[in-house]
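Structure, as structure tokens:
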Amino acid sequence: MSEPTAPEPVPAELRALAAEADALAERTAEIAARLEATDDGHVQRLAQPMNKATHDLADYIGEIARTAEYLTRVRVSRDPHLCDVPWGICPDHGVTLRSLEDRAWCTATGCGNTWTYDRLHTPCTEPAAAIATDRDGVTGSLCSAHASDAAQRLDGCSIEYLDHRATNS
Ligand SMILES: [Zn+2]
Ligand SMILES: [Zn+2]
Numbered sequence: 004m005s006e007p008t009a010p011e012p013v014p015a016e017l018r019a020l021a022a023e024a025d026a027l028a029e030r031t032a033e034i035a036a037r038l039e040a041t042d043d044g045h046v047q048r049l050a051q052p053m054n055k056a057t058h059d060l061a062d063y064i065g066e067i068a069r070t071a072e073y074l075t076r077v078r079v080s081r082d083p084h085l086c087d088v089p090w091g092i093c094p095d096h097g098v099t100l101r102s103l104e105d106r107a108w109c110t111a112t113g114c115g116n117t118w119t120y121d122r123l124h125t126p127c128t129e130p131a132a133a134i135a136t137d138r139d140g141v142t143g144s145l146c147s148a149h150a151s152d153a154a155q156r157l158d159g160c161s162i163e164y165l166d167h168r169a170t171n172s
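Okay, so the sequence shown: first residue is 4 according to the numbering used here, each after it adds one.
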């Protein structure tokens with residue numbers, strides 16, 4: 004029995020969720036401020052859990068916004084004019100990235116490239132500069148950095164550079 008597949012969420016849906024939570028957080032903070040402003044100490048104390056709720060909402064909004072950002076990157080990477088490799092590179096140095104949580108940086112000496120997302124574990128979105136064909140005849144689009152990495156590492160893989168060169172960055 005085949006179940007109907009649920010449609011993949013789009014980033015705009017996540018951004019709408021985040022906007023709703025943002026409005027909630029604002030109202031929660033406003034109530035917290037009014038609790039804090041009273042003369043009754045018992046009521047004032049109740050501002051604390053409301054402030055905590057405001058912070059929890061901020062964390063929630065952060066998670067949703069981050070997910071929307073990653074989803075956007077994954078969707079962009081499906082563009083046939085972009086590199087097909089499911090992990091990122093430094094556009095200047097190639098496969099030199101390291102990542103930790105939501106940061107990535109290039110480990111090449113003197114390279115100051117850093118990213119505020121886990122670029123290493125995010126599909127490459129550099130423009131396709133070459134077509135790679137492996138020994139089974141499977142082809143894929145590669146950016147220039149991934150093409151030179153593939154040329155060095157993959158045995159029996161042929162790389163054909165496209166005429167159209169990536170424009171200056
Ligand atoms: Zn670099
Ligand atoms: Zn690439």
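Glycine included, each C-beta is placed from N, C-alpha and C at the ideal position.
Next item on the list: Can you give me the Cβ contacts of D20 inside the same chain, cut-off strictly under 8 Å, excluding the 5 residues immediately before and after it?
Entry: Taking the first residue of the sequence shown as position 1, residue 20 is located at position 17. Strictly speaking, residue 20 in this sequence is Leu, with Asp absent from that position. Cβ within range, chain order: I67.
Next item on the list: Inspect the beta-carbon positions of A71 and P14 and report whether they are closer than 8 Å.
Entry: By 1-based counting over the sequence shown, the position of residue 71 is 68. By 1-based counting over the sequence shown, the position of residue 14 is 11. Yes, Cβ-Cβ distance for A71 and P14 is below 8 Å.
Checklist line | N-terminal and C-terminal residue of the beta strand (DSSP E) that R101 is part of | finding: Along the sequence shown, read from residue 1 onward, the residue named residue 101 stands at position 98. Segment L100 to L103, the beta strand (DSSP E) holding R101.
Check: Buried or exposed: P10, going by 16 or more other Cβ atoms within 10 Å of its Cβ?
Finding: To locate residue 10, count along the sequence shown from 1; it is residue 7. Result: exposed.
Next item on the list: Identify whether L85 lies in helix, strand or coil by the three-state DSSP scheme.
Entry: For this step, residue 85 is matched to residue 82 along the sequence shown. In the structure shown, L85 sits in a strand (DSSP, three-state: E or B).
Check: If you check the beta carbons only, do P126 and V77 fall under 8 Å apart?
Finding: Here the question's residue 126 lines up with position 123 in the sequence shown. Here the question's residue 77 lines up with position 74 in the sequence shown. It is a contact, given that the beta carbons lie within the stated cut-off.
Note to self: Less than 7 Å separating the Cβ of A148 from some heavy atom of ligand 2?
What the structure shows: For the purposes of this step, residue 148 is identified with residue 145 of the sequence shown, where counting begins at 1. At least one heavy atom of ligand 2 is nearer than 7 Å to the Cβ of A148, so yes.
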